[in-house]
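These notes concern the structure reproduced below.
Protein chains: 2
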Amino acid sequence: MKNEKKTLSRRDTLAAAFPKPWKNRKSQNLLEDLPWLKISVDSVLLPNGKEIENFYQIELPEYAVVVAQTEDGLILMERQYKHAIGKIILNLPSGYLDSHETPLACAQRELLEETGFMANSWQHLGSFCVDGNRGCGKMHAFAASGAYWAAEPQNEDTEEIEVIQKKPEDVLRALIHGELETLGPAFAVGLAFLCPSSPLHHLSHNLKMI
Amino acid sequence: MKNEKKTLSRRDTLAAAFPKPWKNRKSQNLLEDLPWLKISVDSVLLPNGKEIENFYQIELPEYAVVVAQTEDGLILMERQYKHAIGKIILNLPSGYLDSHETPLACAQRELLEETGFMANSWQHLGSFCVDGNRGCGKMHAFAASGAYWAAEPQNEDTEEIEVIQKKPEDVLRALIHGELETLGPAFAVGLAFLCPSSPLHHLSHNLKMI
Numbered sequence: 000m001k002n003e004k005k006t007l008s009r010r011d012t013l014a015a016a017f018p019k020p021w022k023n024r025k026s027q028n029l030l031e032d033l034p035w036l037k038i039s040v041d042s043v044l045l046p047n048g049k050e051i052e053n054f055y056q057i058e059l060p061e062y063a064v065v066v067a068q069t070e071d072g073l074i075l076m077e078r079q080y081k082h083a084i085g086k087i088i089l090n091l092p093s094g095y096l097d098s099h100e101t102p103l104a105c106a107q108r109e110l111l112e113e114t115g116f117m118a119n120s121w122q123h124l125g126s127f128c129v130d131g132n133r134g135c136g137k138m139h140a141f142a143a144s145g146a147y148w149a150a151e152p153q154n155e156d157t158e159e160i161e162v163i164q165k166k167p168e169d170v171l172r173a174l175i176h177g178e179l180e181t182l183g184p185a186f187a188v189g190l191a192f193l194c195p196s197s198p199l200h201h202l203s204h205n206l207k208m209i
Numbered sequence: 000m001k002n003e004k005k006t007l008s009r010r011d012t013l014a015a016a017f018p019k020p021w022k023n024r025k026s027q028n029l030l031e032d033l034p035w036l037k038i039s040v041d042s043v044l045l046p047n048g049k050e051i052e053n054f055y056q057i058e059l060p061e062y063a064v065v066v067a068q069t070e071d072g073l074i075l076m077e078r079q080y081k082h083a084i085g086k087i088i089l090n091l092p093s094g095y096l097d098s099h100e101t102p103l104a105c106a107q108r109e110l111l112e113e114t115g116f117m118a119n120s121w122q123h124l125g126s127f128c129v130d131g132n133r134g135c136g137k138m139h140a141f142a143a144s145g146a147y148w149a150a151e152p153q154n155e156d157t158e159e160i161e162v163i164q165k166k167p168e169d170v171l172r173a174l175i176h177g178e179l180e181t182l183g184p185a186f187a188v189g190l191a192f193l194c195p196s197s198p199l200h201h202l203s204h205n206l207k208m209i
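Spelled out as C-alpha cells, the structure:
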C-alpha cells in the first residue's frame, strides 16, 4: 500500500513537471577568434523565476566524421596526435566544415585529404549538438562504402596522420575496449553498426564477440 | 599496373607517416569561472617545425550519463530544456561530477536526483574526451538495470525535468531517427546496445527494425 501511494504521488509530480524553455535576458561576447571559437555569456531567466547571470555558450566549428569501408571490406582509420589528450590516438577521418560547405561535402573532402580514398556510396548517420548546455559545435556522422584509393593524402600542417585499415569486428572491439578515446569518432563507429542505413549494420547481428 | 604502382607509392607514404606528438611552448589563461569553464590558449610546436600560436583549450567539468532499465524493462528518459539547443529535448539522466566525486557515484546520484530511481546493478560502458582538439571535458557512460523507484526527484534550479519511460526498442528507434539531439546521451544509448557488459546488449541482436 505504501508503494502504491508513492507511485501515485510520483505520477502527480510528473504530470506537473512539464519543462518550459528559459528566457535569454542578455548575451555578452567574451572571446572571439573565428573560425576557431567564440565564447559568450548569457543571463537567463528560468521558469521558476530564478536568474542565472553566467550561463556560458561556446561556439566551435561543426565537424564531420567518416566510417568508410573499402572495397576489401576494411575500415579506414587513423593514428593521429590529439592535443587535448596529449598523445597519439586511434581516430577516424574527420574535420571541420569549411565556410558554406555541406556536412557531406566536408566528409568526402576529409576522407580524400586524410586517406587518399574516395567512395561512391554515402549515408548520413546523424547530426548531434556536442554539448546541450554549452554548445561546442555539431558533429555530423557518415558511413561510406566501396571506398577506393584515388590519390596521395594531402594533410594540413596540424595533421600528421598514419592511415590504417582494420576489420569491422576489430573496430567494434576497439570501441568497446575504450581504444577510441574521443566522443565524436567513437560514436560514429557506434552509429555505423546500429543504423539500418549503414553498410556495417548487418554485421552487428552476427558479432557474438568480444 | 598503374594501380599497383599507386598502391606501392601509397605504402611508402604510410610507412613514413608515423605521427609524432606536438610540443607545448607556452600556455596562457584567457577566461576562468570554475567549476564551469576555463579557456586557455597554447602556443604549440608541430613535428614539421611550424608553430601555431593560438591553439585553444577548453576545460569543462566531466559528466556522467545513465541508461537505466527499470524492473519492468523500460528505459528511464527525460524531457528537458537545453539552452545550447534552445528547446526541450529528449535526454537521459546525466550531470556534472561534483568535486572529488567518482563517475559512478555521480551517475548514481544523478539518476536518483533526476528520476527518483535507484539501481543495484551498474556497468561502466566507457569514458571519452568530448573534443580531441579543444578538450571540453569528459563523458562517462553507464548502464544500470533493475532500477526501482525510491524517492521523489530532487532537481536543481536549472533542471525542470519530465521523466518518461520508454521501451528499449523505442529508445534505439529514437536514436536512429535523430530524436536524441545531444552527443553524450545519444552515444550512451548506442553503447548500451553495443557493449556486451550492458543489460541491453542482447536486444541489439533481435531488433530487426526500424
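Just so you know, the sequences run in chain order V and G.
Position 204 of the first sequence, counted from 1, bears residue number 203 in numbering that gives the first Met the number 0, the numbering being contiguous throughout.
Position 194 of the second sequence, counted from 1, bears residue number 193 in numbering that gives the first Met the number 0, the numbering being contiguous throughout.
Even for Gly, the Cβ is constructed at its ideal location relative to N, Cα and C.
All values reported here derive from a predicted model rather than from experimental measurement.
- Judged by DSSP in its simplified three-state form, residue 29 of chain G adopts strand.
- Taking residue 144 of chain G as reference, the option from G:175, G:57, G:71, G:22 with the minimal CA-CA separation is G:71.
- Under the three-state reduction of DSSP output, residue 130 of chain V falls in the strand class.
- The C-alpha of residue 41 of chain V lies about 45 Å from the C-alpha of residue 201 of chain V.
- For residue 129 of chain G, the chain V residues whose Cβ falls inside 9 Å of its Cβ are 83, 129, 130, 135, 181, 182, 183, in order along the chain.
- For residue 54 of chain G, the uninterrupted beta strand (DSSP E) segment begins and ends at 50-58.
- Shortest Cα-Cα distance from residue 199 of chain G to any of G:22, G:181, G:167 involves G:167.
- Scanning V:50, V:69, V:43, V:79 for the CA closest to the CA of residue 154 of chain V turns up V:79.
- Residue 50 of chain V and residue 82 of chain G have their alpha carbons spaced roughly 13 Å apart.
- Around residue 121 of chain V, no beta-carbon contact reaches into chain G at under 8 Å, the shortest distance being about 17 Å.
- Against chain G, the CB of residue 194 of chain V has a partner CB under 9 Å away; the residue lies at that interface.
- Straight across, the Cα-Cα distance linking residue 17 of chain G with residue 158 of chain V is about 11 Å.
- Approximately 11 Å separates the beta-carbon atoms of residue 67 of chain G and residue 115 of chain G; this is outside 8 Å, ruling out the contact.
- Note: residue 148 of chain G is bridge-paired with G:116 in the DSSP secondary-structure output.
- Fewer than three beta-carbon pairs drawn from the stretch 97-107 of chain V and the stretch 134-142 of chain G are found closer than 8 Å, and the two stretches are therefore not classed as touching.
- Secondary structure at residue 109 of chain G: helix, using DSSP grouped into helix, strand and coil.
- In this structure, residue 191 of chain V keeps its C-beta atom at 9 Å or more from the C-beta atom of residue 69 of chain V.
- Residue 41 of chain G is bridged by DSSP to G:26, G:54.
- Take residue 47 of chain G, set aside five residues on each side of it, and no residue of its chain has a beta-carbon closer than 6 Å to its own.
- In chain order, 57 place their CB closer than 8 Å to the CB of residue 130 of chain G, counting only its own chain and leaving out the 5 sequence neighbours on each side.
- Residue V:63 holds the alpha-carbon nearest to the alpha-carbon of residue 107 of chain V among V:25, V:63, V:189.
- In terms of Cβ geometry, residue 113 of chain G and residue 77 of chain G form a close pair [threshold 9 Å].
- Nearest Cα to residue 27 of chain V within the set V:43, V:34, V:33: V:43.
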